[in-house]
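Number of protein chains: 4
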Amino acid sequence: MHSRFQSYQTDSGKLDRAALDNELEALARRYKDVRHRSLDLCQPLQIEDFGVQPMADASPPKWHLAHITWFFETFLLQTYAANYASYNPAFEHLFNSYYNGVGNPFPRLKRGSLSRPTVAEIYAYRSNIDEALLTLIDEGEFGDQAASEIAQILELGLHHEQQHQELLLTDIKYNLGHNPLFPKYHETLHKSDQESSTPLCMDPPGPLREIAFSDHNPGLVDIGAVSDFAFDNEYPRHKSFLGPFGIANRLVSNGEYLQFMHDGGYQRADLWLAQGWAALQENPRHRPLYWHQTGHGGWSEYRMDGLHPLELDAPVTHVSGYEAMAYASWAGARLPTEFEWEWAASGKALAGNFADSNRFHPMVCDAANEQFFGDVWEWTSSAYGPYPGYKPLEGVLGEYNGKFMSSQLVLRGGSCVTDSSHIRASYRNFFYPADSWQFSGIRLAVDL
Amino acid sequence: MHSRFQSYQTDSGKLDRAALDNELEALARRYKDVRHRSLDLCQPLQIEDFGVQPMADASPPKWHLAHITWFFETFLLQTYAANYASYNPAFEHLFNSYYNGVGNPFPRLKRGSLSRPTVAEIYAYRSNIDEALLTLIDEGEFGDQAASEIAQILELGLHHEQQHQELLLTDIKYNLGHNPLFPKYHETLHKSDQESSTPLCMDPPGPLREIAFSDHNPGLVDIGAVSDFAFDNEYPRHKSFLGPFGIANRLVSNGEYLQFMHDGGYQRADLWLAQGWAALQENPRHRPLYWHQTGHGGWSEYRMDGLHPLELDAPVTHVSGYEAMAYASWAGARLPTEFEWEWAASGKALAGNFADSNRFHPMVCDAANEQFFGDVWEWTSSAYGPYPGYKPLEGVLGEYNGKFMSSQLVLRGGSCVTDSSHIRASYRNFFYPADSWQFSGIRLAVDL
Amino acid sequence: MHSRFQSYQTDSGKLDRAALDNELEALARRYKDVRHRSLDLCQPLQIEDFGVQPMADASPPKWHLAHITWFFETFLLQTYAANYASYNPAFEHLFNSYYNGVGNPFPRLKRGSLSRPTVAEIYAYRSNIDEALLTLIDEGEFGDQAASEIAQILELGLHHEQQHQELLLTDIKYNLGHNPLFPKYHETLHKSDQESSTPLCMDPPGPLREIAFSDHNPGLVDIGAVSDFAFDNEYPRHKSFLGPFGIANRLVSNGEYLQFMHDGGYQRADLWLAQGWAALQENPRHRPLYWHQTGHGGWSEYRMDGLHPLELDAPVTHVSGYEAMAYASWAGARLPTEFEWEWAASGKALAGNFADSNRFHPMVCDAANEQFFGDVWEWTSSAYGPYPGYKPLEGVLGEYNGKFMSSQLVLRGGSCVTDSSHIRASYRNFFYPADSWQFSGIRLAVDL
Amino acid sequence: MHSRFQSYQTDSGKLDRAALDNELEALARRYKDVRHRSLDLCQPLQIEDFGVQPMADASPPKWHLAHITWFFETFLLQTYAANYASYNPAFEHLFNSYYNGVGNPFPRLKRGSLSRPTVAEIYAYRSNIDEALLTLIDEGEFGDQAASEIAQILELGLHHEQQHQELLLTDIKYNLGHNPLFPKYHETLHKSDQESSTPLCMDPPGPLREIAFSDHNPGLVDIGAVSDFAFDNEYPRHKSFLGPFGIANRLVSNGEYLQFMHDGGYQRADLWLAQGWAALQENPRHRPLYWHQTGHGGWSEYRMDGLHPLELDAPVTHVSGYEAMAYASWAGARLPTEFEWEWAASGKALAGNFADSNRFHPMVCDAANEQFFGDVWEWTSSAYGPYPGYKPLEGVLGEYNGKFMSSQLVLRGGSCVTDSSHIRASYRNFFYPADSWQFSGIRLAVDL
């Protein structure tokens, strides 16, 4: 968001308007795809599934669908479309997530108590806004400044929608996975699907390789956004000094996590941060979020395709940051910092098990490749804060990222519910260390 | 429930089986009507409306529909149908309300987080149980004891379903009335509908008559169930001494309640019970539940037919017991005890504005008749407790009423969402004094 | 409080002022005794013990000492002493318990956070007010009306102080009994002390007699205050109809309560009120408040004289109303209503194990006498509410009793920490059914 | 703690035992001073002041006194004194703060509910442990390893006691400052006291100089412990890259903070972190913790010497991290990172207004010197986390610092209640961003 559209400046300092107009056209095409994907993801849902909010953080699917539409209406149509009349003034309140700058958001905790507007009404809202927005881009006549702003906000809006596509999936999983009926979101994918979409993994997978730590001694490095698009929190690119460290060549597996459990990991206060230990005493869940003990002492795991026996070699997922750190302590290691992770990942291919494959669960892999992307978000030890010289976006969009920079940890790498076009080495995701409803897992690091 | 089916005993002490079988047939006919009415009440709903639980007490409509079906399945089919297999074992847990004696009820607070089973699946559950139950009654061959028990439980189950029909309406109102869109449940009824169904009221109504207190000096009286059917908590009929008292000839109106508000009723601690005052400080709602201040200092009220200007002459409703008592103190009066109310109401016709009229809101009336039934439940000053010699029902059904006999107040008379076949002078409804989401109002009494 | 001082009216309707003045003198003498007793009760305390509030309900001793002084200052000196200047305006706020009519009470929950005023400063406050009050009575020149009011408020104030003497002891016990060091309040009394003060009990006691139920069939009776002094909530004396019942000839013993525990009483939902069961799940204390399991599976009990092995034959105490009702259900009985209790107790001597004996614990007794007073307050099944025709005291003192008439149960009979001059058959104590820090126990009743 | 006592290693790798013994002697002398200071600080207290805990974080003074004694008993006497018997086994539980490794700490929230042990008993505990400890050091015969460990733990224990001396003062202030009587802890110091102890400040102070930002462009620097003693969290010293920044030459003043308030700082969501804004809505305190509005719209501030008119030129204190950040945003600046602060402070003299002067309040200063130490702890924007290569202390003492490394912010520089011997440029204090009961203030920084 910071500098991308400055690239349309010519040497003479004038805007290359033709290039910008091309870009706008390309964004409009991408708009249709991204918007369509949101509806695709909701296709398996029953109408009843669109409305529930089984915990504060897991918003109803229909709220997500409306909110991401509200974003385009509020930040583009309301600002740039001449004589634009609000689609429904009540929606400005209902579907504002947290932007105090554009009014008074409806209380987050009560999103699940709104039976109206109905799903059909929200789909109609989407179509209407889509039409208005595409018309705006297609037919609007803007000066250079407005055209550049629209391009920026449109691109941001698409990434925003992709973020909510991921939340849509994690929130649907939370809902269905906490229903005693354990309904499936989709059927299990077959081998043929798998091979084409996630080339890094074998089927059947070979034996899990040992964790090995690759050595790094970076010294003074550059950290932060290099890609075409990046969020404000990835800027500015800046120098940081990294001493020697080792980082694991694969994620921690379910089987390894089970050893931690069998070794009393949930009973040993010395492995835990004080807040994590306190949270554990208050809410004694002694297993990853979707694991269930079976009758015979074994374990099953709820996945988007239903309850299945736990795959020991697959990466552990749905662990909190506290669990990740306790595991790392137990293993005699630690979590990487976000900068160590970024340094180690920077050279790697953006390949992996992403949402694109419609698998929506981490996979057992045995590639020689040290895959840093996809499968699960990787907890880092880094508190989420501003980079040196960080500037939030201007205006109300300044609330997008910056105001959450307290008490959270950074996660890196994307997951099996992240779209591959929505990830990069510099991408900083962030959640509270107690959170576990995201596809979050563990990669170890060590001091050298 | 206590003695009704003993009436089928002949003089010789033997059961009049033919009479009992006739009664069973009649109950089967009534079963179809009552069960159909539940679905009728849900007819105006969107699928989305079936699932929400906007507060702990307001269960989702589909939960009500499933629970009342579960009641028949659990207490009749599971016990009396030979080789009966549970429709769905998970439902035994999900739709058990509070019967510890038949397993572990699903947490009340999370009823709104269950997107599955879907509405269609619950309708199928209903049809299936209906068919099995009617077959059981029609074709089952029972001994005298079983036949008598089935008749009793069937009758209880129908009254149970009628109780939930009322809750269905109050919970739907809570949902829609707390949605910023204020959707209507139904259209406003026209004059023609009104006249036929609620003959006590004129349209347009005449001026509201003054409140007058009729004098009573009962002395030693009999209190409790006299009707064919009554709940266990209305038994046994017993003697009580009532000194002289006066009771108002009509309900307190919205206009009168507004005077209380204008006179600082919500600011004067001396008018309130200590718990009520404390609750008010913590949650400062200074108006009946569904009142809203309009721009010009006036008031509107949310009703099942949407937001409308407040009708000053209509009975005030959706006030808590604390509000009712504070109002009574302010008015220099008090609430009646439940026995005073029962005594005064005993001679009165069971006429009034009930759910039968599909109006679902209290009406402005100007009848000479002192109407004690319908419109709103009337808070009494009586704590809900057991009558002398009270015995809960036998077995698990003993959890039906008795275990709630603490910290609640008795309300009497039925409301505009009560079915007229479900009310009687001895009927004891009970809610916590802080509750206001029921159609609850105020009738004053005085010492003489 | 209602009519007592009308007895000084002569036949001619004039006040017998000489008799009233005599009464005032007598009250002044009693004032010194009662006020002295409060300090006597605090004599064993360390200064540190005066300040703590280990739970919201257990106020610090120094707060009690100040509050009962504040009562006399506020309701007598501030009203009737000419040119009286407040001792310390901050105290008007700090030591007001719950009288909204005389300002804004300091938050109850924070009483234990006030290290100042110190104990010495509160003792000085007491002396100062005592002197001013005795001077007022001794030297003040009042008209008939004022003299009569002063006598009434003075008498109320002394009973108020006696109520707080009991709370002083229960709150000290709560504090010391929840300290892991289990400090004693006093040394165990010797036999010689016991015999003189509590003649109903033998030492050593004989074997516990069986519980027997005496039969009563009262019919229409008079209930309520008959004594010289009674609180407003005991008025007016009124008629009530009582059917036949039986009431136990002694309290439930520790040994009997232990059988209830061994029989799974705390695990059987069917024995409990719904609120009691819910409270038990949330806070699973499966024993009376001060019982502790010893190493060998036995039980000890914390008493004011320290931790001792549980005396099986002594009355069980510190049980909640929920526990009392669950026990009664288990025993196939019920609690008496408050009117049954009053009727049964009315003929009994006001003898028993009271605070006067400085024993402060219920005793094993084996008297032929069916002792209804002392030892432990007896839970009844009656909700605390107003008697027919109840009128609170006039003015601010109207907040004394009436505003607590919701959600509480009546207890009767006084306890081992009640002064014998502060109890009578019509006395109504009241606590929430979840409360157990008072000396509360169980007497059974049955239907006949 | 990491390497300090390695300095007693000679070139040949052997321990210089004579030097270590000298050091132990010096530590024993310092022990007496530090221990005495704790009692000195309690000298102005009434016995009542020793016991209260007006909020969870503000432990009772007597608890502090006992806990810091427990530290020496547990980590030195119990480990190194032959045949040592616990002073009182109950104290091991009662005065353990948070060391899960040595048993089960008494619940923090209930520290204020313990009236026993009394203050006198805790003083006796202190004397007893002091004597045993000094005897141990004086007469114990230890091998090299044990001697070295004892020296390390003793030194740590003294710094631990100094930390609690600061908490003692902040907790006493919280107690007295929240009592409606606003009692003083001490009398206001006179000019003569001031001049000698805090040479940087003038009396009367000159006009406040303008805030100016000194420019820095450090590049790659070394951060972390360089001093004789440092806590584990200041290790290891490591490289970090710091870009150009400016840092203010003085603290933000009360007058400047007042401008922020007058400019609507507490009403503008855009200035606040999301968590800070949410906390503000829930608990709307719109001023620093000890400020009070006076009748005439002015402000007074509670200080250890009582309520005084707010000094506009004195540094603002008792602001939360959220308030500090909101102020900085409003001022168009930001908080420094902890590394920027350390870099800027490194060359500065350790002079300032410390606890040594017994003033216990920040002062108006007008020195040319840019004083970075004393007066108030300075919030930084840095989350409290481990330095690269951080290792907690071995054994149970590993719980000292490391386990709190989540959700807190680092504060730097010490305050007017910090002892001057307990501060250094590398010192990292840490509190939650919502905390304001410490002497915490604001120094601004800017990007260059």
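These protein sequence lines map, in sequence, to chains A, B, X and U. So for the first sequence, numbering that gives the first Met the number 0 puts the first residue at 0; every next one is plus one. So for the second sequence, numbering that gives the first Met the number 0 puts the first residue at 0; every next one is plus one. So for the third sequence, numbering that gives the first Met the number 0 puts the first residue at 0; every next one is plus one. So for the fourth sequence, numbering that gives the first Met the number 0 puts the first residue at 0; every next one is plus one. Note that CB positions come from ideal geometry on N, CA and C, so glycine has one too.
Cutoff 8 Å: residue i Cβ touching any chain X Cβ
i	result
Ser96/B	no
Gln292/U	no
Leu447/U	no
The alpha helix (DSSP H) enclosing residue i, as first and last residue numbers
i	result
Gln151/A	143 to 176
Ser137/A	The sequence given here has Asp at residue 137/A, not Ser. Counting along the chain, the alpha helix (DSSP H) containing Asp137/A begins and ends at 118 to 138.
Asn428/U	Where Asn428/U is concerned, there is no enclosing alpha helix (DSSP H), although the beta strand (DSSP E) it sits in stretches over 428 to 430.
8 Å Cβ cutoff met for residue i and residue j
i	j	result
Leu188/X	Arg36/X	no
Asn248/B	Glu369/B	yes
Phe244/B	Ala444/B	yes
Ala448/X	Asn253/X	Look at the range of chain X in this structure, 0 to 447, and you will see that residue 448/X is not part of it.
Ser114/X	Asn174/U	yes
Leu250/X	Arg442/X	yes
Val375/A	Thr316/A	yes
Closer than 8 Å to chain U by CB, residue i
i	result
Ala380/A	As written in the sequence, residue 380/A is Ser, which differs from the Ala given in the question. It does: the Cβ of Ser380/A has a partner Cβ on chain U nearer than 8 Å.
Pro432/A	yes
Gln437/X	no
Within-8 Å CB hit, residue i to chain D
i	result
Met404/B	Among the protein chains in the structure shown, which are A, B, X and U, there is no chain D.
Proximity test, Cβ basis, 8 Å: residue i and chain A
i	result
Pro104/U	no
Ser345/U	no
Asp137/B	no
Unbroken beta strand (DSSP E) run spanning residue i, endpoints
i	result
Pro308/U	305 to 308
Gln292/A	290 to 292
Leu14/U	No beta strand (DSSP E) holds Leu14/U; DSSP gives it neither H nor E.
Minimum Cβ-Cβ distance from residue i to chain B less than 8 Å
i	result
Glu194/A	Low local confidence applies: a pLDDT of 48 at Glu194/A is under 50, so the model's placement there is unreliable, and no value is given.
Residues that residue i contacts on chain X, provided the C-beta gap is smaller than 8 Å
i	result
Asn99/B	Ala268, Asp269, Trp276
Ala25/B	In chain order: nothing, as chain X lies at least about 33 Å away.
Closer than 8 Å at the beta carbon, the chain B residues around residue i
i	result
Ala89/A	Pro179, Leu180
Gln470/A	Past the edges of chain A, shown from 0 to 447, lies residue 470/A, and the structure says nothing about it.
Interface residues of chain U facing residue i [CB-CB closer than 7 Å]
i	result
Asp48/X	Ser114
Ser239/A	Phe240
Cβ pair count under 8 Å reaching 3, the stretch 279 to 299 of chain A against the stretch 339 to 347 of chain A: no
Is the number of C-beta pairs between the stretch 114 to 134 of chain X and the stretch 73 to 92 of chain X that are closer than 8 Å three or more? yes
Flag this pair as touching only if the stretch 7 to 27 of chain B and the stretch 268 to 281 of chain A have three or more C-beta atom pairs under 8 Å; answer yes or no. no
For the stretch 85 to 99 of chain A and the stretch 159 to 175 of chain B, state whether three or more C-beta atom pairs, one from each stretch, are separated by less than 8 Å. no
Touch check for the stretch 403 to 410 of chain A and the stretch 369 to 385 of chain A: three-plus C-beta pairs under 8 Å? yes
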